[in-house]
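Asks:
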Amino acid sequence: MSGRGRFVTFEGIDGAGKSSHVEWFAERLRERGRTVVVTREPGGTELAEAVRDWVLNRPMSMRVEALLVFAARQDHLDRVIRPALAAGTWVVCDRFTDSTVAYQGGGRGMPADDIALLERWVHPDLQPDRTYLFDLDPAEAARRRQAARAADRFEAQDEAFFGRVRGAYRARAAESPERFRRIDGARTIDSIRAELEEDLATL
Ligand code: TMP
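Counting from 1, one number per residue, gives the positions in the sequence shown under our numbering.
(1) In the DSSP assignment, what are the bridge partners of L136?
(2) Please give me, in chain order, every unbroken run of the beta strand (DSSP E) with length at least 3 that falls completely inside the region 67-116.
(3) Taking the alpha carbon of T35 as the reference point, which residue from Q74, R6, L136, Q127 has its own alpha carbon closest?
(4) Spatial neighbours of V69 within its chain, please: CB distance less than 8 Å, with the 5 preceding and 5 following residues excluded, ordered by chain position.
(5) With respect to the alpha helix (DSSP H) encompassing R166, which residues constitute its N-terminal and C-terminal limits?
(6) Nearest-angstrom Cα distance between M1 and P83?
(7) Are the region 146-153 and the region 167-179 touching by the rule of at least three beta carbon pairs closer than 8 Å?
(8) For the region 10-22 and the region 127-140, state whether three or more C-beta atom pairs, one from each stretch, are separated by less than 8 Å.
(9) For the candidate residues S191, L200, L203, A186, whose alpha-carbon lies nearest to that of G12?
(10) Between the Cα of L77 and those of E31, A148, A48, spot the shortest distance and give me the residue it belongs to.
(11) Apart from the five residues on each side of it in sequence, which residues of its chain come closer than 7 Å, Cβ to Cβ, to R144?
(12) Note down, in chain order, each residue of its chain lying with its Cβ closer than 7 Å to the Cβ of I115, except the 5 sequence neighbours on either side.
(13) By DSSP's criteria, E23 is part of a beta bridge. Which residues make up the other side?
(14) Where does D249 sit, in a helix, a strand or coil, going by DSSP?
(15) Going by DSSP in three states, D152 sits in which element: helix, strand or coil?
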């Protein structure tokens, strides 16, 4: 395929179910003849994966958290995302800057202008072509998380935190309705996949 690849991101509160669809979605794209890279944030490079370990597990201030996720993002963009897109490869990424807006902004209370400044600094010219926002009631997401592994610094937050994260996601989605697709995380895996498959045909 010639031309720039497309950049697709998956977002949502912890427990909303997005991660179980990322690989599946990439496979559907490959079936359609696309070359696809699957990656995640924070992460996707050696440096960014090391940052992920710190951000998820070590105490730090809200500002340090935001600076570290953007430092990881810069490395990820430089080494993986931009080169792939330039080569015509599609990039499917589990979380991106919308997570910073939702978690550091909505969840932790960092001013939106500060996050916007970092966003303009790190990727003034790039946004995902499509973002699937998995939306789920925080109480249901908490029940799902309890069945999973030990909680990291974010997963250990209370329902009020995830209520704010969800609110910030929804506000961000309302600002860019052409980019976002809201996925109801309470639906069955099969019906979610049918919806994703229908939408990917439009990309
Ligand atoms: P994951 O568990 O979906 O891989 O995400 C890792 C955690 O990192 C998740 O709880 C959200 C958080 N996070 C932020 O707080 N800010 C960010 O910018 C990103 C990318 C993730």
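C-beta: ideal position from N, C-alpha, C; glycine also.
Replies: Taking the structure as given:
(1) Answer is none; L136 lacks a bridge partner.
(2) 90-94
(3) R6
(4) E41, P42, V51, V55, S99, T100, Q104
(5) 159-175
(6) With a pLDDT of only 46 at M1, under 50, the local geometry of the prediction cannot be trusted, and the value read off the model is given with reservation. Approximately 15 Å between the Cα atoms of the pair.
(7) no
(8) yes
(9) A186
(10) A48
(11) G15
(12) A66, T100, V101, Q104, G105
(13) BP columns for E23 are empty, so no partner.
(14) Absent from the structure is residue 249, since the part of the chain shown begins at 1 and ends at 203.
(15) coil
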